[in-house]
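Q: Quick mapping for you: the protein sequence lines, in order, are chains L and W. Residue numbering for the first sequence follows the working numbering, beginning at 2 and increasing consecutively. Residue numbering for the second sequence follows the working numbering, beginning at 2 and increasing consecutively. Can you read through this structure? Questions will come right after.
2 protein chains.
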Amino acid sequence: MSVTGITASNPYSNVNDLLSNVRNFKIIESTLREGEQFANAYFSRENKIKIATMLSDFGVDYIELTNPAASPQSREDCEAICKLGLKAKILTHTRCTMEDAKLACDCGVDGVDVVIGTSQFLREHSLGGKDMKAITKQALEVIEYIKSRGCEVRFSSEDSFRSDLVDLLSIYRAASNAGVGRVGVADTVGCASPRQVYDLVRTLRGCVSTDIEVHFHDDTGCAVANSFTALEAGATHIDTSVLGIGERNGICPLGALMARMMPTSRDYILSKYKVHQLKAIEDFVAETVEINVPFNNPITGFCAFTHKAGIHAKAILNSPSTYEILKPEDFGLSRQLYRYVHFTSRLTGWNAIKSRVDQLGLKMTDDQIKEVTGKIKQMADLKVMTLDESDALIRSFHLELQQAENN
Amino acid sequence: MSVTGITASNPYSNVNDLLSNVRNFKIIESTLREGEQFANAYFSRENKIKIATMLSDFGVDYIELTNPAASPQSREDCEAICKLGLKAKILTHTRCTMEDAKLACDCGVDGVDVVIGTSQFLREHSLGGKDMKAITKQALEVIEYIKSRGCEVRFSSEDSFRSDLVDLLSIYRAASNAGVGRVGVADTVGCASPRQVYDLVRTLRGCVSTDIEVHFHDDTGCAVANSFTALEAGATHIDTSVLGIGERNGICPLGALMARMMPTSRDYILSKYKVHQLKAIEDFVAETVEINVPFNNPITGFCAFTHKAGIHAKAILNSPSTYEILKPEDFGLSRQLYRYVHFTSRLTGWNAIKSRVDQLGLKMTDDQIKEVTGKIKQMADLKVMTLDESDALIRSFHLELQQAENN
């Protein structure tokens, strides 16, 4: 089937956008750094190793760990994970100081992600009023040192969207000229909107010759959309954490990013990431930090594939892609369990009941099905109906029909 | 304090965008329609009335109810809510048929939201292969009828982002010419991205003279960002539900929309919506449909204002706006309970401990505070520390200092 200008398998094809990296991006998985800053997170070394191993198997490109300078345990855990020989590269995230950079390199990481606050807010309240010249000088020294140790280096500003644009571009340009591999844009407070993201990243894309990493907090619910929009503007690396755990309400969730990319970049995602392992990873992290997977979590939320309204159920039964752009089976989720067309409710339609009648192996005419649908809707007005009760009603109606026929 | 071109109180000011309605929009609250399609939702009349009343008090402009044609109970509930005399206008959402439209008007609603599938997917699988000419003719008859009954009428396409653009604009133009008050754009499958939304809504803005309503599902995590971007492109009405409940993983949540709009449109939001009632409404709906408020829910998630990393805690203590663009007290949430600077962890910094020492009424030098911070971090490496334990450690350290001083 073809529709004007689009194909049925991927109606969001956008192949001509040369700036876009939606089909060519990398994931920096930060559950063991940003995620450790989540209120409930206290990872033992054993759990850190398990999470790092699962994420590497899943296919993320980088795993970012807490700054080894944070505590002796953080340092030992970092060293232990570096020694695992995982497929994913190991990064750590440090302040932009020589002490932190030296310790990080000593731990054996593949790369160091340095960060420094550039907004006036942060310069006043976190960095004791430093000016941009002093910040740039400090950054270049640290960058030079990390390169001399043979590690990858990323330079990120903090609170990028409340920083002065000229200051920001100047320091990124300086970092780019100093030979960093990536520069990072961080919406540390979670207030950027997609069009701001597109503008900033596209502008930055024209100013530096490095890769561009983006880090979006979710305070205003835009972390996933901002990540996607950044890729469209030329970003190359997305920061995620499992279920989005991090400071406050967290950052772009790994699973939600997968959901966002699948309709756009299905082949790329399936070739690179073992998305059927997503649920196991989410369940393990949720258990470890003692949270419930949100009911509305993309893909793995308990109702992510549940359809209830009559008109939806009818269309879904005809063709699942009518109302679903994600397929449960892509994620290793059973179609039976996860795509549950709800028909034991007052919102049901007769098409859903017809499908159930077929499943039960009963024979009825359309008029008869419409009649029993009316009975089910009537009952559902009075009480919450279980599947068993609805089936019993269908079977008893069918029995009456047979008896009437035999008389 | 002023930063180049922006003000500190609102660094995202964007006053010169004439197309934008981010400071002038209305909410169509659909918990009692879209929300009733949520897997777990079975609202009694009593609960429907309570939810409608709470939402009207909150300040939403419209409340949308399930199609009265869905079941006898749905019809009676609709009639009962229309008779409450709420400040919010009452809408119902129907298929684009004369039968549904007549029943809706008979129930006493202020307006009818009619919807029809326009994508090729839906026309094939839900509407039995109707062509656009037949769809348009049917729509115009229904619109004319609803207007003749003195009700507001909105005409929406379904699955708008997978519909042919020319078909879509043609039918919207016809509806606009027929005198509908609003046209609706619906991302029924939840796959639209912000830049697609901006393009479609801005194009539509140039084609019709009506208000524009938008309805975004959250399958790929973009519902909030898409709603915001639609307002920037000239949309006037946003569909929400409490906690986003709806088909599959739902639509744009009312609370998350508030979070998204506050940094941009604080004065407008506070003048119009009683945002301090948000938590009570969310708690009631969550209880009614038997779900937990997600841990990462904007504003009311248990960790929405919790800071843990040392460098964050330091800045927050100096100035809350450093890392927070939302203020818990705006939402009636206690600052003490909700803005909890986490310092009983290995990621803590000495600034957070200093603040706690002050709260405990103890006196220590900065060097002494750094020393006790080291002890706390050491302990936090070994076990999860409670606030009590950390306080005990601080007090015992302080006691030792005093004893040393007295000797």
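Note that CB positions come from ideal geometry on N, CA and C, so glycine has one too.
#1: Could you name the residues of the same chain whose beta carbon sits closer than 8 Å to that of residue 11(L), not counting the 5 residues immediately before and after it, in chain order?
#2: Beta-carbon within less than 8 Å of residue 239(L)'s beta-carbon, same chain only, minus the 5 sequence neighbours each way: which residues are those?
#3: Check whether the Cβ atoms of residue 136(L) and residue 102(L) sit closer than 7 Å, and answer yes or no.
#4: Please look up how many angstroms separate the CB atoms of residue 394(W) and residue 380(W), rounded, as I've assumed it's under 8 Å.
#5: Identify the residues that DSSP records as bridge partners of residue 64(L): which are they?
#6: By the 8 Å beta-carbon criterion, what residues does the stretch 229-246 of chain W contribute toward chain L?
#7: On the criterion of 16 or more Cβ atoms from any shown chain inside 10 Å, does residue 32(L) qualify as buried, or is it exposed?
#8: Just to confirm the assignment: which complete alpha helix (DSSP H) runs, minimum length 4, are found wholly within the stretch 184-223 of chain W?
#9: Hey, is the stretch 86-93 of chain W in contact with the stretch 52-61 of chain W, meaning 3+ C-beta pairs nearer than 8 Å?
#10: For residue 403(W), is the classification buried or exposed, using 16 other Cβ atoms within 10 angstroms of its Cβ as the cut-off for buried?
#11: Given that residue 326(L) touches chain W, what residues does it touch there, using C-beta distances under 8 Å?
#12: Report yes or no: do three or more beta-carbon pairs, one from the stretch 41-50 of chain L and one from the stretch 279-291 of chain L, lie closer than 8 Å?
#13: Where does residue 96(W) sit, in a helix, a strand or coil, going by DSSP?
#14: Is it buried or exposed, residue 272(L), if we count other Cβ atoms within 10 angstroms and call 16 or more buried?
#15: Residue range of the beta strand (DSSP E) that residue 238(W) falls in?
#16: Kindly indicate the opening and closing residues of the alpha helix (DSSP H) around residue 390(L).
#17: Let me see if you follow: with CB-CB separation under 7 Å, is residue 382(L) close to chain A or not?
#18: With which residues is residue 118(L) paired in a DSSP beta bridge?
#19: Residue 305(L) versus chain W: which residues are under 7 Å apart at the beta carbon?
#20: For residue 72(W), return the contacting residues in chain L, with the cut-off set at a CB-CB distance below 8 Å.
#21: Got a sec: which bits of the stretch 281-303 of chain W sit with their beta carbon under 8 Å from any beta carbon on chain L, in order along the chain?
#22: Just the Cα atoms here: how many angstroms apart are residue 95(W) and residue 116(W)?
#23: Using a threshold of 6 Å, is the CB atom of residue 86(L) nearer than that to any non-hydrogen atom of the ligand HEM?
#24: How would you list, in chain order, the residues of chain W whose beta-carbon sits under 9 Å from the beta-carbon of residue 227(L)?
#25: Is residue 38(W) close to chain L? Criterion is C-beta to C-beta, closer than 7 Å.
#26: Could you spell out where the alpha helix (DSSP H) holding residue 181(W) opens and where it closes?
#27: Output, in chain order, the set of chain L residues within a Cβ distance shorter than 8 Å of residue 257(W).
#28: Is residue 307(L) closer than 7 Å to residue 283(L) when the C-beta atoms are compared?
#29: So, residue 250(L) versus residue 281(W), is the Cβ gap smaller than 7 Å?
#30: Would you call residue 405(W) buried or exposed, if buried means 16 or more other Cβ atoms sit within 10 Å of its Cβ?
#31: Please look up how many angstroms separate the CB atoms of residue 204(W) and residue 160(W), rounded, as I've assumed it's under 8 Å.
#32: Can you grab the Cα-Cα spacing for the pair residue 192(L) / residue 107(W), in whole Å?
#33: Among the candidates 70(L), 349(L), 237(L), 246(L), whose CA atom is the shortest distance from the CA of residue 299(W)?
#34: Between residue 264(L) and chain W, is any beta-carbon pair separated by less than 7 Å?
#35: Grab the span of the alpha helix (DSSP H) containing residue 134(L) for me, first residue to last.
#36: From the DSSP secondary-structure annotation, give me the bridge partner or partners of residue 153(W).
A: Taking the definition as stated:
#1: Unreliable positioning characterises residue 11(L) in this predicted model, as indicated by a pLDDT of 40, which lies under 50. The coordinate reading is nonetheless provided below. Excluding residues within five positions, the ones whose Cβ falls inside 8 Å are 264, 265, 267.
#2: 26, 27, 28, 29, 214, 215, 228, 231, 232, 253, 258
#3: Not in contact: residue 136(L) and residue 102(L) (Cβ atoms no closer than 7 Å).
#4: 7 Å
#5: 30(L), 91(L), per the DSSP bridge assignment.
#6: 229, 230, 233, 244, 245, 246
#7: buried
#8: 195-206
#9: Output reads yes: the stretch 52-61 of chain W touches the stretch 86-93 of chain W.
#10: exposed
#11: 190, 191, 192, 220, 221
#12: yes
#13: Three-state DSSP puts residue 96(W) in a strand.
#14: exposed
#15: Per DSSP, residue 238(W) belongs to the beta strand (DSSP E) from 238-241.
#16: 388-407 is the span of the alpha helix (DSSP H), which, as asked, contains residue 390(L).
#17: In the displayed structure, chain A is absent; the protein chains listed are L and W.
#18: Checking the DSSP bridge columns, you'll see residue 118(L) partnered with 159(L).
#19: Using a Cβ-Cβ cut-off of 7 Å, residue 305(L) is close to 249, 250 of chain W, given in chain order.
#20: 347, 348, 378, 379, 381, 382
#21: With the criterion set as a beta carbon lying under 8 Å from some beta carbon of chain L, the members of the stretch 281-303 of chain W are 292, 293, 295, 296, 297, 298, 299, 302, 303, in sequence order.
#22: 6 Å
#23: Only the bare structure without any ligand can be found here, which leaves the ligand HEM out of the picture.
#24: 195, 226
#25: yes
#26: From DSSP, residue 181(W) is part of no alpha helix (DSSP H); its letter is neither H nor E.
#27: Scanning chain L for C-beta atoms nearer than 8 Å to the C-beta of residue 257(W) yields 221, 222, reported in chain order.
#28: no
#29: no
#30: Under the 10 Å beta carbon count, residue 405(W) is surrounded by fewer than 16 other beta carbons and is classified as exposed.
#31: About 17 Å separates the two Cβ atoms, so there is no contact after all.
#32: 45 Å
#33: For residue 299(W), the nearest C-alpha among the options comes from 246(L).
#34: yes
#35: 133-149
#36: Residue 153(W) pairs with 112(W).
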